[in-house]
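Residue numbers (the UniProt record's numbering), protein chains in the order written: chain A, 1 to 152; chain B, 1 to 152.
All remarks here apply to the structure that follows.
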């Protein structure tokens, strides 16, 4: 990040589209689809037991805030997880959008003051040690929206 | 684009997440939400009669292929448009993902050879004079996927 430009973001502190979360039933098959069809490669995989997902991050491009934009493929690890419920209701597809910020707590506080319900009172741990909060989709035009601060 | 770096993309020729298309019932209200909540500003607005949408492009960040990533807000202009049908079935939310390429015809041909149905036999006109094709969501893990080549 040290050599990256530091553009001034908008007042919310959001400086990039960090990732698009995509719910899938079979993570390995989804990874193979994105690799063989488009050439997108996995940069990171992990299991998040709290959220009940196995996930893979596929890097699409770098961004001018020194970060990058990813697809995040999400397979549920248990039937009571949010992603499992999403799949039962909607089938496979886009699950959420995540915007990157340098200070997730400050961004969440500012956005909360504008009338959007922040679903996490304290940031919790997201992919690769990031800190994240989710916003209520009913306050965001039907889009489940995440704010994410990278660990590095 | 002339001063931008030209990273080598994957074999598909896709070098960025160009935009996320979001279906909304009231474009002006949606623009105001994204402006007042996050500080994202409209860079471009137009009506696409062929697709039956009024749309606005909100720039989120620049990308390392010399392009940018946008949110594309889409309001239907007639009830038989694809976006109107999407809203009737799903309500407001994410409608499609679009990946940027320098040669949409070549990318579509290569992706089509990998077994994905390309819904447009010839690229058609997208936002701001871009050339676009759509891929069948059933071949793309439930994600309606667009390929886009910028006009400039």
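C-beta: ideal position from N, C-alpha, C; glycine also.
What does residue 11 (chain A) touch in chain B if you count any residue whose Cβ is under 9 Å from its own? 38, 39
May I ask which residues mark the beginning and end of the alpha helix (DSSP H) holding residue 25 (chain B)? Unbroken run through residue 25 (chain B): none, as it is neither H nor E.
Status (buried if at least 16 other CB within 10 Å, exposed otherwise) for residue 125 (chain A): exposed
Apart from the five residues on each side of it in sequence, which residues of its chain come closer than 7 Å, Cβ to Cβ, to residue 130 (chain B)? 148, 149, 150, 151
Tell whether a beta-carbon distance below 8 Å holds between residue 40 (chain A) and residue 71 (chain A). yes
Bridge partners - residue 56 (chain B), DSSP secondary structure assignment: B:45, B:73
Verify the CB distance criterion: does residue 6 (chain A) have a CB-CB separation below 8 Å to chain B? In this prediction, residue 6 (chain A) has a pLDDT of 43, which is less than 50 and means its spatial position is unreliable; nothing more can be read from the coordinates.
Are residue 68 (chain A) and residue 59 (chain A) closer than 8 Å when you measure CB to CB? yes
Just how far apart, CA to CA, sit residue 111 (chain B) and residue 55 (chain B)? 27 Å
Using the rule of at least 16 other Cβ atoms within 10 Å of the residue's Cβ for burial, across every protein chain shown, is residue 95 (chain A) buried or exposed? buried
Pull up the DSSP beta-bridge partners for residue 87 (chain B), would you. Residue 87 (chain B) is not bridged to any residue.
Residues in its own chain within less than 6 Å of residue 146 (chain B) by CB, not counting five upstream and five downstream? 96, 98, 132, 134
Close Cβ partners of residue 128 (chain B) (< 8 Å) along its chain, the five nearest in sequence each way excluded: 44, 46, 57, 150, 151
Please confirm whether residue 111 (chain B) has its beta-carbon closer than 8 Å to some beta-carbon of chain A. yes
Alpha carbon of residue 104 (chain B) to alpha carbon of residue 65 (chain B), nearest angstrom: 15 Å
Can you give me the Cβ contacts of residue 139 (chain A) inside the same chain, cut-off strictly under 6 Å, excluding the 5 residues immediately before and after it? 116, 117
Give the range of the beta strand (DSSP E) segment to which residue 146 (chain B) is assigned. 145–149
Simplified DSSP state of residue 80 (chain B), which is helix, strand or coil: coil
Proximal residues of chain A, C-beta to C-beta of residue 22 (chain B) below 7 Å: 141, 143
If I'm right that residue 74 (chain A) touches residue 23 (chain A) with Cβ under 8 Å, what's the distance once you round it to whole angstroms? 5 Å
In chain B, which residues lie less than 9 Å from residue 97 (chain A) when you measure between Cβ atoms? 20, 22, 71, 94
Which chain A residues are close to residue 116 (chain B), counting only those with a beta carbon under 7 Å from its beta carbon? 37
Starting from residue 105 (chain A), trace the alpha helix (DSSP H) in both directions and tell me its first and last residue. 104–113
Taking 8 Å as the CB-CB limit, is residue 132 (chain B) close to chain A? no
Where residue 61 (chain A) and residue 84 (chain A) are concerned, what is the direct C-alpha to C-alpha distance, given to the nearest angstrom? 28 Å
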